[in-house]
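In what follows, a structure is listed as structure tokens, so that the remarks can point back to it.
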Amino acid sequence: MSKVEDIKKVIGKVTKEKEYLNIMISTNIVGKDFKYSNNMENLDKLYEIGSSSKMFTALSIFLLDERKDLSIEDPISKYLHKEICEKLFINNFDYSNVKIKTLLNHTSGIGEHLNSGDDMALFKKFNNSKKNHPLKELINLSKENKILTYMPVNKQFQYSNIGYMLLGKIIENVTKENYKQFIIKNILEVLGMENTTFIGNNNSSRELIQGHFRGEKANMPSNIALSAGEMISNLEDMLIFLKGVFDCKIVSKETLDIILKSIENSIDASMHYGFGFYNEKNLIGHGGQTLGFYTKAFYLKKDKKYFILSFNEAESGEISKEIIDIIFK
């Protein structure tokens, strides 16, 4: 069987067992351009991209660096309000003095509020939540995390959504603009991404697919990840984004080279995480997970190869790996 037939077979098997499951794939690494879903009527619908949003946040920081509005070598305290800086004095260490670049590549040592080892508890706490969760509260929540605790700076890779939420605040404080408006004006409109927006702000004509967590309907609230993971998009727009980034339509070639070099020099031996992007199967991009979705978006400029995946079930890591293994076999 061909790769395409193998992928369809795997998708058919798992979606027969889980009838609510919607899987979407777009890739050209299977011998041809292949865009497919087990529900073809959903193929162009929107999904939550989760932490793939971090690529947009990182690019925004580098745009401001190019414009000399900030430097990634600056301490984050230079651009954060006093009330936030005070929250970052933890275990007798002032994390407001870490450099911006350490937030970008998750070496700041700053803790984590979402990945605590108990996904069901997280789901029950935040699913359908209408409560406002200000950043100060989420920083406090991160201090309670017993798994991803606050660590020494620059010693190891430790994934931190709090770090990327701080980057969003830096963008707002530097530009005096709302984070979402900055992304819309400087990335989405530049690339013509008409079907990409934010959770709670869907003004697209395309419908957002229903997400799930272990089969139960999941609805991500709009204020627990912010600039770390609250964008929604579709397969078409994510391909436009990846091509636009690597064609240097957002940041310059010099800046893109800095990002790519950061991946090569990453202290993280597993993900090779750089400044907002990481390496998977020698392609560059980012994956994402929300309360109800699991996604991937990766690109290789040299050969213009890409794969983009979306699952409307948060716990889809195993089936994602199976499909990716087929793509690259």
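Take 61 as the starting number for the sequence shown in this note's numbering and just add one per residue. Cβ coordinates follow ideal geometry from the N, Cα and C atoms, glycine included. Computed from a predicted structure; not experimentally measured.
Can the beta-carbon of residue i be found closer than 7 angstroms to that of residue j?
| i | j | result |
| --- | --- | --- |
| residue 165 | residue 335 | yes |
| residue 195 | residue 225 | yes |
| residue 360 | residue 343 | yes |
| residue 235 | residue 292 | no |
| residue 272 | residue 172 | no |
| residue 377 | residue 358 | no |
| residue 287 | residue 227 | yes |
| residue 187 | residue 278 | yes |
| residue 246 | residue 123 | yes |
| residue 383 | residue 67 | yes |
| residue 119 | residue 310 | yes |
| residue 349 | residue 110 | yes |
| residue 251 | residue 106 | no |
| residue 157 | residue 135 | yes |
Can you say whether residue i is buried or exposed, counting buried as having 16 or more other CB atoms within 10 angstroms of its CB?
| i | result |
| --- | --- |
| residue 125 | buried |
| residue 100 | exposed |
| residue 102 | buried |
| residue 330 | exposed |
| residue 129 | exposed |
| residue 363 | exposed |
| residue 207 | exposed |
| residue 266 | buried |
Give the C-beta separation of residue i and residue j to the nearest angstrom, bearing in mind that I take them to be a contact with Cβ-Cβ under 8 angstroms.
| i | j | result |
| --- | --- | --- |
| residue 284 | residue 193 | 5 angstroms |
| residue 248 | residue 222 | No, residue 248 and residue 222 are not in contact; Cβ-Cβ is about 25 angstroms, not under 8 angstroms. |
| residue 379 | residue 89 | Incorrect: roughly 18 angstroms between the Cβ atoms, too far for contact. |
| residue 75 | residue 98 | 4 angstroms |
| residue 216 | residue 327 | 7 angstroms |
| residue 296 | residue 255 | 7 angstroms |
Helix, strand or coil for residue i? Go by DSSP, reduced to three states.
| i | result |
| --- | --- |
| residue 129 | coil |
| residue 149 | strand |
| residue 369 | strand |
| residue 172 | coil |
| residue 275 | coil |
| residue 95 | strand |
| residue 206 | coil |
| residue 385 | helix |
| residue 376 | coil |
| residue 137 | helix |
| residue 259 | coil |
| residue 115 | helix |
| residue 248 | helix |
| residue 86 | strand |
| residue 184 | helix |
| residue 142 | helix |
Complete alpha helix (DSSP H) runs within the segment 282-365 (minimum length 4 residues, chain order): 295-306, 313-324
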